[in-house]
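Sequential numbering from 283 applies to the sequence shown in my numbering.
A short write-up of the structure that comes next.
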Amino acid sequence: MRPRQYDLIAFDWDGTLFDSTALIARCIQLAVTDVGGTPPTTQAASYVIGMGLMQALAYAAPDVPPEKYPQLGERYHHHYIARQHDLSLFEGVLPLLAELKSRQHWLTVATGKSRRGLDEVLRTVELAGVFDGSRTADETAGKPHPLMLNELMREFSVTPERTLMIGDTTHDLQMALNAGCASVGVSYGAHEPDAFHELKPLHVAHSVRELHDWLTAHA
């Protein structure tokens, strides 16, 4: 087997492994409407995916006063929880993760989700034992701050040169750049890939199959 290029692979969650971009954007729009704000466009709501929740909602709803942020967050959770069982992993994600595990990579998650929200999905039978570690925005710092990746690298004693970040947003790729890590973008999530190039990803995959093939050859 070819030697590994990367010991630690960190995945974003929503829009990268989990097919949730459209639902998250819609829940943001509904939550802003509930508190009397002007609902953001789908593009604006999609842009904030990957940020910490309060940071994302504040950006998406600039006319909502800060004192309403707790209510805004509560309404977002209400709408998301009511619809979350309609969500699933992208097709091909489980075989991809199984192959990477067989090659002895450390597999981790670096996400803007809350710890509670991530733990709920990681407790499913199909994901039990797949990931070796994870960080969420509410326990470290939101993207593109590099703290999530810095903590994961420290936990597994891996250098930036041996770490790869994979995500669907400019926030993910900027976080990797800030941490001194390589990155790969995916174009099937929240952000248009035209914005990726200045952030120097090694590759932009247009499907999970393409991501699988690239990682098999290069990771």
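Every residue gets a Cβ at the ideal spot worked out from N, C-alpha and C, and that includes glycine.
Note that the structure is predicted; figures quoted are calculated from it, not measured.
With 16 other Cβ atoms within 10 Å as the buried cut-off, status of H473: buried
Check whether the region 414 to 423 and the region 475 to 493 touch, using three or more Cβ-Cβ pairs below 8 Å as the test. The region 414 to 423 is not in contact with the region 475 to 493.
Nearest residue (CA-CA) to F300, options Y341, P348, A499, G374: G374
Restricting to Cα atoms, I'd like to know which of L335, T393, Q353, S302 is closest to G319. Q353
I'd like to know whether the C-beta atoms of A501 and R286 end up nearer to each other than 8 Å. It is a contact, given that the beta carbons lie within the stated cut-off.
Between F372 and A380, what straight-line distance do the alpha-carbon atoms span, to the nearest angstrom? 14 Å
Residues in its own chain within less than 6 Å of L429 by CB, not counting five upstream and five downstream? T422, A423
Alpha helix (DSSP H) runs contained entirely in the region 363 to 421, provided each spans 4 or more residues: 375 to 384, 397 to 404
Going along the chain, which residues of its own chain have a beta-carbon closer than 8 Å to the beta-carbon of T498, five neighbours each way excluded? E381
Select from I310, H453, F293 the residue whose C-alpha is nearest the C-alpha of P321. I310
Taking the beta strand (DSSP E) that A343 falls in, what are its first and last residues? Where A343 is concerned, there is no enclosing beta strand (DSSP E), given that its DSSP letter is neither H nor E.
Hey, would you say L290 sits closer than 8 Å to T451, going by beta carbons? no
Residue span of the alpha helix (DSSP H) that contains F438, given as start and end: 429 to 438
What distance in whole Å lies between the Cβ atoms of V486 and P475, which are believed to be in contact at a cut-off of 8 Å? So it is a contact: roughly 5 Å between Cβ atoms.
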